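Structure, as structure tokens:
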Amino acid sequence: MSKSNAAANGHSLWQKMPKANAELFALTYGTLVTELVRDYESTEDINEQLEKMGYSIGVRCVDEFLAKADQAGMVIPPCRAFGETAEVLAKTGLRMFLGVSAEVQMLSDSSFSLLIYENPLSLFVELPSDPKWKNLKYSNLYCGILRGSLEQVNLRVECKFVKDVLQGDDVNEIRVELKEVLVDGAGEEYQEE
Amino acid sequence: MNNKDNEKTKGMSLISLAIVGKKNEPLFMKEYRDESTNAACIPEAELFGLKVLTGNTDGFSKRAKECSLRQQFILHSALDRFDELAGPPPGFGWREKGSTGTDAMWVGLLCPVEEMRVYGYMSTTKMKFLAVVEDSIFMQQQEANTTIQQQQRNVDGEIKQLMTWIHQLYVEYTLNPFTTLGDAKISSHRFEKSILDCVNKFNRST
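Chain order of the listed sequences is B and C. Counting from 5, one number per residue, gives the positions in the first sequence under our numbering. Counting from 283, one number per residue, gives the positions in the second sequence under our numbering.
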């Protein structure tokens, strides 16, 4: 599907979604992260937990996305190339759930970068200047969400934050790499003899 | 008519700022006047007959530069005035009946000290914001036709606006999930930088 279509679809899906207060959303996520900080010792553990939480959100999001698009009369055809997946993700998917769209860059057959300029999760957040916070990926939830949702459409990916506004960069960048295209298959009990 | 308007040397400038919590614990104290430009100012150490420290190698002298003792003394005495004005519990004695929002939180002139005046602002949660301002209100009076009360009201309005900005920045600081509220001093680069921008904006516009 073309780029302008993806953006238009994203915008109209966003209009139809019920909205929540942005401050409440950001503050809730902030308390979640500080709870994790209290529970876990190392920032790697915290990042991992955030990613796992994102994964469970992601597996549910993709069904909602496809269902809502169907209801709205939009056609989201199966993607013929990884680049199309990236565009749909960035312009339609993220736009529908978060209200912000991302840009796709450094696109190759098996990887791309998502650039997010405005991050609704990190409203008001400023990381303390202690060096131990340098490795904390505050918005790692997004990586999990991407991994979870793409796995439901048979794409096994790995997502990593490479640039983070909270750590001083000018933009948030998530690198998505395709590891494997999973094969649809029935479970062992259902295989025909 | 007023050819003095072109001279920006006359006008208000913020000298120091303090944010004090509800138990009167200091959260933020910063001085914004550049001591080196004030030639008439004697270094504090000399006043007490001690040798003047050179360089700012250790953390203590660096912190002292952030808010000199003189300013801290002025701010402490202004704090007493706050308590006087507050009155009996619930402690909002300066408020006029029916005022809400910024008007209710604005206390006003606390005390004049030499050429400086200390203004106060207290939020409903007993957070106190003090500003020490140097203004040339008396010099302006000779040129303009307005009365002292009128000028005081103008000055009040501008400082009230500055206090609203600072209050807003403080609220944004508390909304950061990584800040520990309580007795800790405010230590956030973003907060200090945005307060500095506010102060510069205030100094430029007056």
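Built from N, CA and C at the ideal position, the CB exists for glycine as well. Keep in mind the model is a prediction, meaning the values are calculated, not measured.
Alpha carbon to alpha carbon, what distance is there between residue j and residue i?
i, j, result
"Pro82 of chain B", "Thr461 of chain C", "46 angstroms"
"Thr384 of chain C", "Pro132 of chain B", "31 angstroms"
"Gln75 of chain B", "Ala90 of chain B", "22 angstroms"
"Arg179 of chain B", "Ala466 of chain C", "38 angstroms"
"Thr229 of chain C", "Ser405 of chain C", "Residue 229 of chain C lies beyond the residue range present for chain C, which begins at 283 and ends at 488; the question has no answer from this structure."
"Leu457 of chain C", "Leu31 of chain B", "7 angstroms"
"Asp168 of chain B", "Tyr142 of chain B", "8 angstroms"
"Phe374 of chain C", "Ala368 of chain C", "5 angstroms"
"Lys56 of chain B", "Ile50 of chain B", "10 angstroms"
"Gln19 of chain B", "Phe364 of chain C", "50 angstroms"
"Met21 of chain B", "Lys183 of chain B", "32 angstroms"
"Asn320 of chain C", "Glu307 of chain C", "Summary for Asn320 of chain C: the model assigns pLDDT 49, below 50, so the residue's position carries little reliability, and this model does not support an answer."
"Glu122 of chain B", "Arg315 of chain C", "36 angstroms"
"Leu412 of chain C", "Arg435 of chain C", "18 angstroms"
"Ala10 of chain B", "Leu54 of chain B", "28 angstroms"
"Lys344 of chain C", "Met445 of chain C", "Unreliable placement is indicated for Lys344 of chain C, whose pLDDT of 43 sits below 50; no coordinate value is reported for it."
"Ser16 of chain B", "Leu150 of chain B", "21 angstroms"
"Val453 of chain C", "Phe69 of chain B", "36 angstroms"
"Asp340 of chain C", "His358 of chain C", "Only weak support is given to the placement of Asp340 of chain C: the predicted model assigns it a pLDDT of 40, under 50, and the value that follows is read from those uncertain coordinates. So the alpha carbons of these two residues sit roughly 25 angstroms apart."
"Tyr455 of chain C", "Gly464 of chain C", "13 angstroms"
"Trp388 of chain C", "Ser487 of chain C", "20 angstroms"
"His449 of chain C", "Leu361 of chain C", "18 angstroms"
"Lys312 of chain C", "Leu392 of chain C", "18 angstroms"
"Tyr403 of chain C", "Ser470 of chain C", "22 angstroms"
"Val161 of chain B", "Leu125 of chain B", "23 angstroms"
"Cys1 of chain B", "Arg377 of chain C", "Here chain B covers residues 5 to 197 and nothing more, so residue 1 of chain B does not appear."
"Gln431 of chain C", "Pro394 of chain C", "15 angstroms"
Residues of chain C with CB under 7 angstroms from residue i, in chain order?
i, result
"Leu131 of chain B", "Phe460"
"Gly172 of chain B", "Here the premise fails: no neighbours, minimum Cβ distance about 11 angstroms."
"Thr89 of chain B", "Chain C residues near Thr89 of chain B: none, gap ~33 angstroms exceeds 7 angstroms."
DSSP three-state label for residue i, please.
i, result
"Arg42 of chain B", "helix"
"Pro394 of chain C", "strand"
"Asn139 of chain B", "helix"
"Gly14 of chain B", "helix"
"Leu367 of chain C", "helix"
"Ala76 of chain B", "coil"
"Gln447 of chain C", "Here the sequence assigns Trp to residue 447 of chain C, which means Gln is not the residue at that position. If DSSP states are grouped into helix, strand and coil, Trp447 of chain C belongs with the helices."
"Gly87 of chain B", "helix"
"Phe128 of chain B", "coil"
"Val157 of chain B", "coil"
"Ser295 of chain C", "strand"
"Phe355 of chain C", "helix"
"Ser117 of chain B", "strand"
"Cys349 of chain C", "coil"
"Glu162 of chain B", "strand"
"Ser106 of chain B", "The sequence given here has Ala at residue 106 of chain B, not Ser. If DSSP states are grouped into helix, strand and coil, Ala106 of chain B belongs with coil."
"Ala300 of chain C", "strand"
"Tyr59 of chain B", "helix"
"Ile50 of chain B", "helix"
"Ile178 of chain B", "strand"
"Glu313 of chain C", "strand"
"Leu412 of chain C", "strand"
"Thr319 of chain C", "With a pLDDT of 47 at Thr319 of chain C, under the threshold of 50, the predicted position of this residue should be treated as unreliable, though the coordinate-derived value follows. Thr319 of chain C falls in the helix class under three-state DSSP."
"Val185 of chain B", "strand"
"Gly375 of chain C", "coil"
I want to verify the contact list: residues of chain B whose CB lies under 9 angstroms from the CB of residue i, in sequence order.
i, result
"His471 of chain C", "Glu130 and Ser133"
Report, in whole angstroms, the separation of the C-beta atoms of residue i and residue j, which I expect to be a contact under 8 angstroms.
i, j, result
"Val415 of chain C", "Leu309 of chain C", "That pair is no contact at about 20 angstroms."
"Gly14 of chain B", "Lys95 of chain B", "5 angstroms"
"Val129 of chain B", "Asn158 of chain B", "Actually they are not in contact, since the Cβ atoms of Val129 of chain B and Asn158 of chain B sit about 35 angstroms apart, beyond 8 angstroms."
"Lys110 of chain B", "Phe101 of chain B", "Sequence check: residue 110 of chain B is Met here, not Lys. The pair is not a contact, with the Cβ atoms about 23 angstroms apart (cut-off 8 angstroms)."
"Ile301 of chain C", "Met409 of chain C", "7 angstroms"
"Gly34 of chain B", "Gly148 of chain B", "Their Cβ separation, rounded to whole angstroms, is 17 angstroms, which puts Gly34 of chain B and Gly148 of chain B out of contact at 8 angstroms."
"Thr407 of chain C", "Lys483 of chain C", "With a Cβ gap of about 26 angstroms, Thr407 of chain C and Lys483 of chain C do not count as contacting."
"Glu181 of chain B", "Ser114 of chain B", "6 angstroms"
Which bits of chain C does residue i rub up against, with CB to CB less than 8 angstroms?
i, result
"Leu31 of chain B", "Leu457 and Pro459"
Please list the partners that residue i has in chain C, where partner means a Cβ-to-Cβ separation under 9 angstroms.
i, result
"Thr35 of chain B", "Pro459"
Which bits of chain B does residue i rub up against, with CB to CB less than 7 angstroms?
i, result
"Glu454 of chain C", "Phe128"
Report whether the distance from the Cβ of residue i to the nearest heavy atom of the ligand GTP is below 8 angstroms.
i, result
"Val63 of chain B", "With respect to the ligand GTP, the structure offers nothing, as it holds no ligand at all."
### Query
Any residues in the stretch 37-65 of chain B with a beta carbon nearer than 9 angstroms to a beta carbon of chain C? Which ones, in chain order?
Taking 9 angstroms as the Cβ-Cβ cut-off against chain C, the residues of the stretch 37-65 of chain B that qualify are Val37, Thr38 and Val41.
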